[in-house]
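Q: Counting with mature numbering (1 follows the signal peptide of the UniProt record, and there is no 0), you get residues -39 to -1, 1 to 215 for the letters of the sequence shown.
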Amino acid sequence: MNRFSVVLRKHGAGVALKAVLCLVAAVTALIGSAPSAQSADALINLQFGGSDATAYTGAAVIGSEGDFWNLKTGGSKTNTSLLSSTGANTGVTVSFTSQYFGAVSPDQPGSFGFYGTSYADLMQGYIYAFDGTPRSISFSGLAASSSYSVYVYTQGDSGATDRQLTITTNGTTYTALPSVATESTFVASQNYLALTGISDAQGVLTLTYNFAAGEANINAVQVNGPVAVPEPSTCLLLGVSAIAGIGLLRRRRS
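Written out as structure tokens, the structure is:
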């Protein structure tokens, strides 16, 4: 005889139902409190730039001092390998497209908010598009059907606030609206977007980007994870078991 049957016989369906609900709540809490995979080897840093770009080292919104960044030059790449923030092999590759790529000129400090800061190398180069055609950044080789924290950094070479980036992943669109185009620190939804991406069954996570206004600039991307996505059947199975048990008790009493 299992514990659930003992609860049913001793205390009745009402108490048993409460016990099941508590169990479901506990499982949900456990899932929600699962570690966010913030270990160094789970973090991949990607930086864009031209042939003269300088590779950045260190943290951005997340990360640690001395972190490695994968600098990818040019406007497009296909299945190019990525190392972790510690420089370890990950088996993950990235493919990306753009309309152009560019960099802020050192002699334009007035239009480059991060000029002279520790983040200057990270935020100087970028890929971009402004023709209305959606482009993409796709990560392959990730854990299948898993959740990742994704950070997308966006600041071009304009001091105006008319450059707005949209990122779409898993059917959700995020928009960066730079109320201060020359901000010198990271401000959420202004010069970076924090979002959740879920890889597909093949371990591919795709970010589709476009401009909401002016021009879409992407300087860098961080991918952190994975956190396994709970199977919907887990809680469903608990609920079905509870209903079946309570129904059986009621039939016996009648």
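Heads up, the beta-carbon is just placed ideally off N, CA and C, and yes, glycines get one too.
Does the separation of the CB atoms of Q125 and A173 fall below 7 Å?
A: With contacts defined as CB atoms closer than 7 Å, Q125 and A173 qualify as a contacting pair.
Q: Could you tell me whether the Cβ atoms of A64 and G35 are closer together than 7 Å?
A: no
Q: Considering only DSSP beta bridges, list what Q183 is partnered with.
A: Answer is N6, Y112.
Q: Should F100 go down as buried or exposed, given a rule of 16 or more other Cβ atoms within 10 Å for buried?
A: buried
Q: According to DSSP, is Q85 helix, strand or coil?
A: helix
Q: Give a yes or no on contact between the segment 79 to 93 and the segment 49 to 56, applying the rule of three or more CB pairs nearer than 8 Å.
A: Contact between the segment 79 to 93 and the segment 49 to 56 is absent: fewer than three C-beta pairs spanning the two stretches fall below 8 Å.
Q: Quick one: Cα of S(-7) to Cα of N180, how far?
A: Confidence at S(-7) is low in this model, with a pLDDT of 37, below 50, so the placement of that residue should be treated as unreliable; the coordinate-derived value is given next. Whole-angstrom Cα-Cα distance: 31 Å.
Q: By Cβ distance below 8 Å, which residues in the same chain neighbour F29 in space, the five residues on each side in sequence not counted?
A: N6, T18, L44, S45, S46, T47, G48
Q: Pick helix, strand or coil for E176, following the three-state DSSP scheme.
A: The three-state secondary structure of E176, taken from DSSP, is coil.
Q: First and last residue of the beta strand (DSSP E) that includes G158?
A: That run of the beta strand (DSSP E) goes 153 to 159.
Q: Label N40 either buried or exposed according to how many other C-beta atoms from any shown protein chain fall within 10 Å of its C-beta, with 16 as the threshold for buried.
A: It is exposed - the Cβ of N40 has fewer than 16 other Cβ atoms within 10 Å.
Q: Applying the 10 Å Cβ sphere with the 16-neighbour rule, what's the burial state of D13?
A: exposed
Q: Is L(-19) helix, strand or coil when you go by DSSP?
A: Only weak support is given to the placement of L(-19): the predicted model assigns it a pLDDT of 37, under 50, and the question is left unresolved by the model.
Q: Straight-line CA distance for K38 to S59?
A: Between K38 and S59, the alpha-carbon positions lie close to 10 Å from each other.
Q: The beta strand (DSSP E) spanning A137 covers which residue range?
A: Start and end: 133 to 137.
Q: For the segment 104 to 113 against the segment 138 to 146, do three or more pairs of beta-carbon atoms, one drawn from each stretch, fall closer than 8 Å, so that the two count as touching?
A: Inter-segment contact for the segment 104 to 113 and the segment 138 to 146 is absent: fewer than three beta-carbon pairs are separated by less than 8 Å.
Q: Go ahead and pull the three-state DSSP assignment for I98.
A: strand
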